[in-house]
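Participant:
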Amino acid sequence: MRNILVPVEEHSLIYPVFETALLMARLFDSQIRGCALGINLAHLPTDMAVGGAAVPDREQQHAVERASYQHFATFMLAKGVPEAGEGQAELSFGWHTHDLVDDHDLGRFARVFDITVLGRPGAGSGQPRASTAQAALFESGRPILLVPPTAPPTLGETVVIAWNRSTETARTLALGMPLLTKASRIVVLEIDGWGVDGPSGREVAQLLRWHGMASETRTLPGRAGSPGQALLSAAASLNCDLLIKGAYTQSRFRQMILGGATSHILAHTKVPVLMAH
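Read in order, the letters of the sequence shown are residues 1209 to 1485 in the numbering used here.
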């Protein structure tokens, strides 16, 4: 996790995103690279209005990029994080000095970063967009760290792995190994009747032991209601400060129509969530 991407735009969670990205960066002496995030300007007609306002022209886009950099750099400098120098390998910050990165292009850009840190999506104005998280999840091949509205005081001291035996969760577990090596407590959490055929939570615990990490296994009773809600309730009861969860083990379309654990967590989590697809 030495190379962290933070898309920057004006939304209500941007400072919790900065705070949480910095918590991770301090764990690994990472470089945090910001980029100015915009709407999908390249894929809209030039005369189309968005949210009741006209699509910004080139000069307005440059103004947004400059303002995003100013927010990001001011925060990092105030926290004592230096701007990255040539070849610098210690904790530092940098900036993608180009045009706005839109949701469409973010996934491709994120492929050369260890992780992308994003705010929890919301439906209201001034909140992070679900399309941003979905672009990073489906197009980057890399994990995201989803940040709740309140930044945690710690990150990854107590980690809960939401194990449903799926390929997506196995991939997320592998990508999250650097964070697991820093944890003081790891809980492998299952729900009776939830998930697909595959290795048990005890077998996950054995894998972690082979990597020198002790863990606990817990199984929640299956019951009516959302698995996502059960996972978040259990994470809260365990004082978890990082949840690891494979994203969209059912299709996006099915989750849009019927709901699912990923959709519930994207909308409601109060703890940081490491996700990958």
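Ideal placement from N, C-alpha and C gives every residue a C-beta, glycine not left out.
1. How far does the alpha helix (DSSP H) with VAL1272 in it extend, from its first residue to its last?
2. Below 8 Å on the Cβ atoms is my guess for ARG1373 versus ASP1405; work out the distance and round it to an integer in Å.
3. Is it buried or exposed for ARG1431, if we count other Cβ within 10 angstroms and need 16 for buried?
4. Closest to VAL1214 by C-alpha separation, out of GLU1267, GLN1268, MET1284, HIS1270, would be which residue?
5. Determine the DSSP secondary structure at PRO1435, reduced to helix, strand or coil.
6. I'd like to check one pair, LEU1235 with GLY1327: are the Cβ atoms closer than 8 Å?
7. Looking at C-beta atoms only, is the number of pairs between the segment 1429-1448 and the segment 1407-1416 that lie closer than 8 Å three or more?
8. Using 8 Å as the Cβ pair cut-off and three pairs as the minimum, do the segment 1214-1226 and the segment 1388-1398 touch?
9. With three or more beta-carbon pairs closer than 8 Å as the criterion, would you say the segment 1284-1293 touches the segment 1306-1318?
10. Do we get a CB-CB distance below 8 Å when we pair THR1389 with the residues of chain D?
11. Quick one: give me the first and last residue of the alpha helix (DSSP H) that PRO1224 is part of.
12. So which of ARG1337, GLY1332, ALA1281, GLN1269 has the shortest CA-CA distance to ASP1307?
13. Checking the sheet assignment: what are the DSSP bridge partners for ALA1391?
14. Which residue from ALA1344, PRO1329, ALA1343 puts its Cα closest to that of ARG1337?
15. Count the other CB atoms, across all protein chains shown, that sit within 10 Å of the CB of SER1276; report buried if there are 16 or more and exposed otherwise.
16. Return the chain-ordered list of same chain residues with a C-beta closer than 8 Å to the C-beta of TRP1303, the five sequence neighbours on each side being excluded.
17. Would the beta-carbon of THR1573 fall within 8 Å of that of LEU1354?
18. Nearest by alpha-carbon distance to ALA1370: which of GLY1349, GLU1273, GLU1424 is it?
Facilitator: Let's see:
1. 1266-1286
2. 7 Å
3. Around the beta carbon of ARG1431, a 10 Å sphere encloses fewer than 16 other beta carbons of the protein chains shown; the residue is thus reported as exposed.
4. Checked all of GLU1267, GLN1268, MET1284, HIS1270; the closest Cα to VAL1214 is MET1284.
5. When secondary structure is reduced to three states using DSSP, PRO1435 falls in the helix class.
6. Annotated as distal: GLY1327 and LEU1235, with beta-carbon spacing of 8 Å or more.
7. no
8. no
9. no
10. Absent from the structure is chain D; it holds one protein chain and no more.
11. 1222-1236
12. GLN1269
13. BP columns for ALA1391 are empty, so no partner.
14. PRO1329
15. buried
16. Correct list, in chain order: ARG1241, GLY1242, CYS1243, TYR1277, PHE1280, ALA1281.
17. Only positions 1209 to 1485 of the chain appear in the structure, and residue 1573 is not among them; the question remains open.
18. GLU1424
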